[in-house]
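What follows is a short report on a single structure.
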Ligand SMILES: Cc1cc2nc3c(=O)[nH]c(=O)nc-3n(C[C@H](O)[C@H](O)[C@H](O)COP(=O)(O)O)c2cc1C
Ligand SMILES: Cc1ncc(COP(=O)(O)O)c(C=O)c1O
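Residue numbers (our numbering): 192 to 537.
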């Protein structure tokens, strides 16, 4: 992209997209006019409907808050307020950070969504610059500068994981700590589902759950588990495996105390992974525990705590063109052993 002066900067169009079915997913994406292809921050972006959008052109201020007008509303969700913020426009690249806040009201729920994206657009093809007055950006994350250094030279996995997670925190649309957790039952049948990583250090990777759930029972039975992170915006994957220990009561209490009151009640009300005859039974349980713990602290249920995977293997993967990805695996014979690094074919 050629960005010689403010006058030649392309106009950006920011669109706010809201999906109400199901109630939760919300996406925002920024799109450059004259910039191709569209940079969409959600895999399902085509399924979403644009309910609000705002354009600002090169003559508009490129920093600051851009008001978003409701363009059209195709359903009964009314985004009543929102804001978008462009952070930085450099000569060689455009850093976009869009923060949006939207109140969605339907006949079933009312919810304030607050979310953010950030991304950098950079030129990747010299010929495309020559062909267009404003230049053309092919957003290719592999070549866009998101790989800032050769991670395969790293000697230690925890610092590298920390670096990648930090980058995911700024680039992922939501839940950068979301991770697929694999367990195995006593017949050797595997199982996988998402959890949120709530802590990591050299001791291992921690998440919290109901110990009477399917995953809880499988982990308590086998004492082994694996995790796989996939940060789509960075085209990176990290997977790890190892034996599992239960976190200390003090650790679990400290984390439980940080959860919203409703989630603490939920931990009591939900017999996770067991049959539920109807939504009403769950709501009744929530009402009962809300009444029981109306005053004072809500204790942590004995069956709700954390697991720590103590990895003996951590693999880092980064997308490269033509599927010739970079992969390194750190291995050690036991959590007390020294790491050995192995580079692998993609
Ligand atoms: C993004 C995401 C994060 C989740 N995080 C957790 C979590 O941290 N703990 C948990 O118990 N369930 C979490 N869940 C729900 C689980 O995926 C799963 O449905 C539930 O724990 C029951 O799993 P099980 O029957 O295998 O035990 C999460 C789901 C999603 C989609
Ligand atoms: C049932 C359940 N428990 C626990 C969590 C972990 O997150 P938090 O402690 O932030 O509620 C999640 C996250 O989605 C969840 O669905």
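Idealized CB from N, CA, C, for every residue including glycine.
Whole-Å CB distance - residue i paired with residue j, under 8 Å assumed
i: residue 435; j: residue 498; result: 5 Å
i: residue 496; j: residue 398; result: Between residue 398 and residue 496 the Cβ distance is about 10 Å, and since that is not below 8 Å, they are no contact.
i: residue 518; j: residue 506; result: 6 Å
i: residue 413; j: residue 375; result: 6 Å
i: residue 373; j: residue 367; result: Their Cβ separation, rounded to whole angstroms, is 19 Å, which puts residue 373 and residue 367 out of contact at 8 Å.
i: residue 464; j: residue 473; result: So it is not a contact: roughly 13 Å between Cβ atoms.
i: residue 469; j: residue 526; result: Not quite, the Cβ-Cβ distance comes to about 44 Å (not below 8 Å), so this is no contact.
i: residue 522; j: residue 503; result: 7 Å
i: residue 452; j: residue 489; result: 7 Å
i: residue 530; j: residue 348; result: 7 Å
i: residue 500; j: residue 445; result: The Cβ separation is near 19 Å, so there is no contact.
i: residue 425; j: residue 396; result: In fact, because the Cβ distance is near 19 Å, the residues do not count as touching under 8 Å.
Residue i - containing alpha helix (DSSP H), residue span
i: residue 455; result: 452-460
i: residue 443; result: 440-449
i: residue 408; result: 405-413
Unbroken beta strand (DSSP E) run spanning residue i, endpoints
i: residue 435; result: 427-437
i: residue 393; result: Unbroken run through residue 393: none, as it is neither H nor E.
i: residue 532; result: 531-534
i: residue 520; result: 517-522
Contact check, residue i vs residue j, beta carbons under 7 Å
i: residue 369; j: residue 385; result: yes
i: residue 148; j: residue 355; result: Outside the displayed span of the chain (192 to 537) sits residue 148, for which this structure offers no information.
i: residue 345; j: residue 422; result: no
i: residue 471; j: residue 456; result: no
i: residue 419; j: residue 371; result: yes
i: residue 400; j: residue 390; result: no
Cβ-heavy atom distance, residue i to ligand 3, below 6 Å
i: residue 404; result: Looking at this structure, you won't find ligand 3 anywhere; what it does contain is ligand 1 and ligand 2.
> Which whole runs of the beta strand (DSSP E) in the segment 456-512 are 3 residues long or more, in chain order?
Replying inline: 495-509
>> Going residue by residue through the segment 331-383, where are the continuous beta strand (DSSP E) segments of at least 3 residues, counting only ones entirely within it?
In response: 369-375
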